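**Student:** If you use UniProt numbering, the sequence shown corresponds to residues 1 to 59, in order. Backbone N, C-alpha and C define an ideal beta-carbon position, used for all residues, glycine too. No experiment lies behind these values; they were computed from the predicted model shown. The structure under discussion is supplied below as structure tokens; questions concerning it will follow.
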Amino acid sequence: MRTEVFQTANIYRHLLKAVKKHIGKEENKRHFLEYVTSEFHKNRNLSDGVAVQQKIKLA
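Put into structure tokens, the structure is as follows:
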């Protein structure tokens with residue numbers, strides 16, 4: 001479980017950095033940052049290990 005938490009946090013950070021680096025216009029950046037943040041917050045209470053791994057692979 002601990003490794004999934006660290007893996008998820010690492011993926012979250014990498015996604016945010018990728019959006020900041022590769023998305024051009026500020027309004028698009030904000031949109032994608034909000035989307036990534038909302039998806040991670042929406043699934044933060046997910047406890048099923050298989051579902052967590054599927055979400056990590058999707059990210």
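Would you identify the three-state DSSP class for Lys25, choosing helix, strand or coil?
**Tutor:** For the purposes of this step, residue 25 is taken as residue 25 along the sequence shown, with counting starting at 1. If DSSP states are grouped into helix, strand and coil, Lys25 belongs with coil.
**Student:** How many Å lie between Asp48 and Glu39 at the Cα?
**Tutor:** Here residue 48 is taken as the residue at index 48 of the sequence shown, counted from 1. Here residue 39 is taken as the residue at index 39 of the sequence shown, counted from 1. The C-alpha of Asp48 lies about 16 Å from the C-alpha of Glu39.
**Student:** Can you tell me where the alpha helix (DSSP H) with Leu58 in it begins and where it stops?
**Tutor:** Walking along the sequence shown from the start, residue 58 turns up at place 58. Note, Leu58: alpha helix (DSSP H), 49 to 58.
**Student:** Tell me whether Arg44 sits in a helix, a strand or coil according to DSSP, three-state version.
**Tutor:** For the purposes of this step, residue 44 is taken as the residue at position 44 of the sequence shown. Coil.
**Student:** Please report the distance separating the alpha-carbon of Asn30 from that of Gly24.
**Tutor:** By one-based count along the sequence shown, residue 30 stands at place 30. By one-based count along the sequence shown, residue 24 stands at place 24. In the sequence on display, residue 30 carries Arg and not Asn. Computed Cα separation, rounded: 10 Å.
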